[in-house]
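K.L.:
Heads up, the sequence shown is in the working numbering, so the first residue is -7 and it goes up one at a time.
Cβ coordinates follow ideal geometry from the N, Cα and C atoms, glycine included.
In this text the structure is predicted, and so the values were computed from the model without any measurement.
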Amino acid sequence: MALVLGIESSCDETAAAVVRDGEQLLSNVVSSQIATHMPYGGVVPELASREHLRAIVPVVREAVRGAGLELNQLDALAVTQGPGLAGALLVGITYAKALAFALSKPVITVNHLEGHIHAVLLERRQSRAGELPLPALALIVSGGHTHLYIVNRAPSGGWNYQNVGRTLDDAAGEAFDKVAKLLALSYPGGPIIEHLAAHGNPHAIPMPLSQIKIRQKHKVTDDGSPESYDFSFSGIKTAVLRFAETHDMQESIDQRREAVASLPDPKAVDFLPHLDGLTLDLIASFQEAVIQDLVRKTLRAAEDLEIESLIITGGVASNQRLRSEFERRAMAERLRVFFPSRKLSTDNAAMIAAAAFPKFQARDFAGDHFSAEASLALGSR
Ligand code: KG4
Ligand code: ZN
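(1) When a residue counts only if its C-beta is closer than 5 angstroms to some heavy atom of the ligand ZN, which residues count, in chain order?
(2) What's the call for HIS195, buried or exposed, on a 16-neighbour Cβ count within 10 Å?
(3) Around the Cβ of GLN208, are there at least 16 other Cβ atoms within 10 angstroms (buried) or fewer (exposed)?
(4) Cα separation between GLY149 and TYR141?
(5) Got a sec: does the ligand KG4 put a non-hydrogen atom nearer than 7 angstroms to the Cβ of ARG223?
(6) Could you tell me if HIS210 is buried or exposed, where buried requires 16 or more neighbouring beta carbons within 10 angstroms of its beta carbon?
(7) Hey, is ASN103 close to the ligand KG4, as in C-beta under 7 angstroms from one of its heavy atoms?
(8) Could you give the distance in angstroms between the alpha-carbon of HIS29 and the alpha-carbon of HIS139?
(9) Quick one: measure Cβ to Cβ for THR305 and ALA164, integer angstroms, because I've assumed they're closer than 8 angstroms.
(10) Please report the distance separating the alpha-carbon of GLU38 from that of TYR32.
(11) Consider the C-beta atom of ASN311 and the heavy atoms of the ligand KG4; say whether any pair is separated by less than 7 angstroms.
(12) With H, G and I counted as helix, E and B as strand and the rest as coil, what does DSSP make of ASP4?
(13) Is it right to say THR343 is buried, meaning 16 or more other beta carbons lie within 10 angstroms of its own, or is it exposed?
(14) Kindly provide the ranges of any alpha helix (DSSP H) runs that are 4 or more residues long and lie completely inside the region 33 to 99, ordered along the chain.
(15) Is it true that the CB of ARG328 sits closer than 8 angstroms to the CB of PRO127?
(16) Report the rounded CA-to-CA distance for MET241 versus ALA(-6), giving the unit in angstroms.
(17) Give the C-beta separation of VAL71 and ILE48 to the nearest angstrom, bearing in mind that I take them to be a contact with Cβ-Cβ under 8 angstroms.
(18) Only counting the same chain, and skipping five residues up and downstream in sequence, which positions put a Cβ closer than 7 angstroms to that of PHE362?
(19) Restricting to Cα atoms, I'd like to know which of ILE275, SER178, SER226, GLY157 is closest to GLY34.
(20) Helix, strand or coil: which one does DSSP assign to HIS210?
(21) Is it the case that the Cβ atoms of ASP296 and PHE225 are separated by a distance below 8 angstroms?
(22) Grab me the residues of ARG117's own chain with a C-beta within less than 6 angstroms of its C-beta, minus the 5 sequence neighbours each way, in chain order.
(23) Going by DSSP, which residues form a beta bridge with PHE330?
(24) Pairs of beta-carbons, one from the region 52 to 59 and one from the region 284 to 294, closer than 8 angstroms: are there three or more?
(25) Mind reading off the beta-carbon distance from LEU105 to LEU336? Whole number of angstroms is fine, and I expect it under 8 angstroms.
(26) Return helix, strand or coil for SER244, following the three-state DSSP convention.
(27) Please confirm whether any heavy atom of the ligand KG4 lies closer than 7 angstroms to the CB of VAL308.
(28) With distance defined between alpha-carbon atoms, name the residue in PHE235, GLU54, VAL52, THR290 nearest to ASP273.
(29) Could you give the distance in angstroms between the alpha-carbon of PHE352 and the alpha-carbon of GLN154?
(30) Report yes if the CB atom of LEU17 is closer than 8 angstroms to the CB atom of LEU63, and no otherwise.
(31) Cα-Cα, which of GLN247, ASP339, LYS289, ASN311 is closest to ALA322?
(32) Apart from the five residues just before and just after ALA88, which ones in its own chain have a Cβ nearer than 6 angstroms to its Cβ?
(33) As a quick exercise: from ALA358, ALA366, GLU5, pick the residue whose alpha carbon is nearest that of PRO180.
(34) Counting only beta-carbon atoms, is PHE278 nearer than 8 angstroms to chain C?
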């Protein structure tokens, strides 16, 4: 039996969790910094590091206590090495190293993106549903990434990831956040846009389909590897900006900003009285365009690569409309689609502890000298 404590601090959540044998979630604590970053409409790196420093000790303590354990009962510590904000990552890494040293336990480094994939694998095992069909095509769709990976078991017993697509500009979550900021909605943009989009017509305003060509079927590059399936969201974001400009929305945007300025954590109901029908249609049409692009390209890649199971994970995967569109289209194409629970879609440490388990089995422990890797890549390309 292996009890792994996961620690995650790559962006704006300080998180710790204990997972047994990569399949049993014993505790899962997430301390969010949303309130700190809200006034800025995005994550401020210096503030993120400071908040991680403040939260890390109580969050880890609560995760260990919540699992009904003492620190010395842990078998290993797992920590996110990257990708993410360097200063934020360093807080988790430094704390994990110090704690591991004090307890004489090994440390396992985990790639944050690998963690998002393992959120799904963990919950499959926990529910005793068995391993999902492999290979799988994973779409990691978050504030920092829109990446497609072929996921498979490695001969060594670990996991293998091959990147076959990524965003060439904004990540999908980043587009949600930027559009929310531009329309004077709250941060992060995804959840508020999801709520407000339900009040608008998703087909009212035409949005540009991304200009990146969908590749030809079964096309391979010169070295025999599959073509990549890239995404681009800056065109959709710019279309929202242009629409707001050409429809003279600035005054109502400013009024809305002022109207909610005094609320510490404004919700959809607080914004609704300050949103006209056209703006709600714009919000709904934006969300729909992003979702249709994600679904279309991911399904096309699955078809080309002859992969029958999809993993859709990362913060944007908590969007209910995205989930139902993936489910509807996947069913029509006889694909199986797997999501994490909404709680494990956004950043958490359970996914880090789960991803560390195969490395624990392989005794793939980190030395003392590793550091944060802000641009850490996952797998091969
Ligand atoms: O995975 P995550 O928690 O952190 C990163 O690794 O980036 O993802 C955060 C991103 C933010 O951009 C946020 O706006 C987006 O996920 N997000 C959503 C929803 N909930 C969070 N996007 C669309 N719909 C949602 N319901
Ligand atoms: Zn993430």
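P.N.:
Answer, in terms of the structure:
(1) SER134, ASP339
(2) Position 203 of the sequence shown, counted from the start, is the residue given in the question as residue 195. Looking at its Cβ environment, which holds fewer than 16 other Cβ atoms inside 10 Å, HIS195 is exposed.
(3) What you label residue 208 is simply residue 216 of the sequence shown in a count that begins at 1. Because GLN208 carries a pLDDT of 48, less than 50, the predicted location of this residue cannot be relied on, and no value is offered for it.
(4) Locating residue 149 in the sequence shown gives position 157, where the first residue counts as 1. Locating residue 141 in the sequence shown gives position 149, where the first residue counts as 1. C-alpha separation (whole angstroms): 18 angstroms.
(5) The residue given as residue 223 occupies position 231 in the sequence shown. Contrary to the premise, residue 223 reads as Phe rather than Arg in this sequence. Checking every heavy atom of the ligand KG4 against the Cβ of PHE223, none is found closer than 7 angstroms.
(6) The residue you call residue 210 lines up with position 218 of the sequence shown. Low per-residue confidence applies at HIS210: pLDDT is 48, beneath 50, and the placement is therefore not dependable enough to give any value.
(7) Within the sequence shown, numbered from 1, the residue matching residue 103 stands at position 111. Result no, Cβ not under 7 angstroms from the ligand KG4.
(8) Residue 29 sits at position 37 when you count from the first residue of the sequence shown. Residue 139 sits at position 147 when you count from the first residue of the sequence shown. If I take the Cα positions, the gap works out to 25 angstroms.
(9) The residue labelled residue 305 in the question sits at position 313 within the sequence shown. The residue labelled residue 164 in the question sits at position 172 within the sequence shown. Not confirmed; about 12 angstroms, so no contact.
(10) Stepping through the sequence shown from its first residue, residue 38 is reached at position 46. Stepping through the sequence shown from its first residue, residue 32 is reached at position 40. Each residue's alpha carbon lies about 12 angstroms from the other.
(11) Residue numbering aside, residue 311 sits at position 319 when the sequence shown is read from its first letter. Within the cutoff, so yes.
(12) The sequence position of residue 4 within the sequence shown is 12, counting from 1. Note: ASP4 maps to coil in three-state DSSP.
(13) Here residue 343 refers to the residue found at position 351 when the sequence shown is read from its first residue. The sequence as given places Met at residue 343; Thr does not occur at that position. Result: buried.
(14) 37 to 58, 78 to 95
(15) Residue mapping note: residue 127 aligns to position 135 of the sequence shown, counting from 1. Residue mapping note: residue 328 aligns to position 336 of the sequence shown, counting from 1. Taking 8 angstroms as the Cβ cut-off, PRO127 and ARG328 do not qualify as a contacting pair.
(16) Position 249 of the sequence shown, counted from the start, is the residue given in the question as residue 241. Position 2 of the sequence shown, counted from the start, is the residue given in the question as residue -6. Cα-Cα distance, rounded: 56 angstroms.
(17) Sequence index remark: in the sequence shown, residue 71 carries index 79 (1-based). Sequence index remark: in the sequence shown, residue 48 carries index 56 (1-based). Their Cβ separation, rounded to whole angstroms, is 11 angstroms, which puts VAL71 and ILE48 out of contact at 8 angstroms.
(18) Your numbering for residue 362 matches position 370 in the sequence shown. The residues are GLN73, THR101.
(19) Position 42 of the sequence shown holds residue 34. Checked all of ILE275, SER178, SER226, GLY157; the closest Cα to GLY34 is SER178.
(20) Position 218 of the sequence shown holds residue 210. Reliability fails at HIS210, whose pLDDT of 48 lies under 50, so the model's placement of it is uncertain and the value that follows must be treated cautiously. HIS210 falls in the coil class under three-state DSSP.
(21) The residue given as residue 296 occupies position 304 in the sequence shown. The residue given as residue 225 occupies position 233 in the sequence shown. Result no, Cβ atoms of ASP296 and PHE225 do not sit closer than 8 angstroms.
(22) For the purposes of this step, residue 117 is taken as residue 125 along the sequence shown, with counting starting at 1. Here the set comprises GLU15.
(23) Residue mapping note: residue 330 aligns to position 338 of the sequence shown, counting from 1. In the DSSP output, where bridge partners are listed per residue, PHE330 has ILE303.
(24) no
(25) Position 113 of the sequence shown, counted from the start, is the residue given in the question as residue 105. Position 344 of the sequence shown, counted from the start, is the residue given in the question as residue 336. Contact doesn't hold; Cβ gap of about 14 angstroms is too wide.
(26) What you label residue 244 is simply residue 252 of the sequence shown in a count that begins at 1. Helix, per DSSP.
(27) Locating residue 308 in the sequence shown gives position 316, where the first residue counts as 1. True, at least one ligand heavy atom lies under 7 angstroms from that Cβ.
(28) Stepping through the sequence shown from its first residue, residue 273 is reached at position 281. The option with the nearest alpha carbon to ASP273 is PHE235.
(29) If you number the sequence shown from 1, residue 352 lands on position 360. If you number the sequence shown from 1, residue 154 lands on position 162. Cα to Cα, PHE352 sits roughly 22 angstroms from GLN154.
(30) Against the sequence shown, residue 17 aligns to sequence position 25. Against the sequence shown, residue 63 aligns to sequence position 71. No; because the gap between Cβ atoms is not below 8 angstroms, this pair is not in contact.
(31) Residue 322 sits at position 330 when you count from the first residue of the sequence shown. Measuring from the Cα of ALA322, the nearest candidate turns out to be LYS289.
(32) For the purposes of this step, residue 88 is taken as residue 96 along the sequence shown, with counting starting at 1. ILE(-1), LEU69, VAL71, VAL99.
(33) Here residue 180 corresponds to residue number 188 of the sequence shown, with the count starting at 1. It is GLU5.
(34) In summary, chain C is missing from the structure at hand, where a single protein chain is found.
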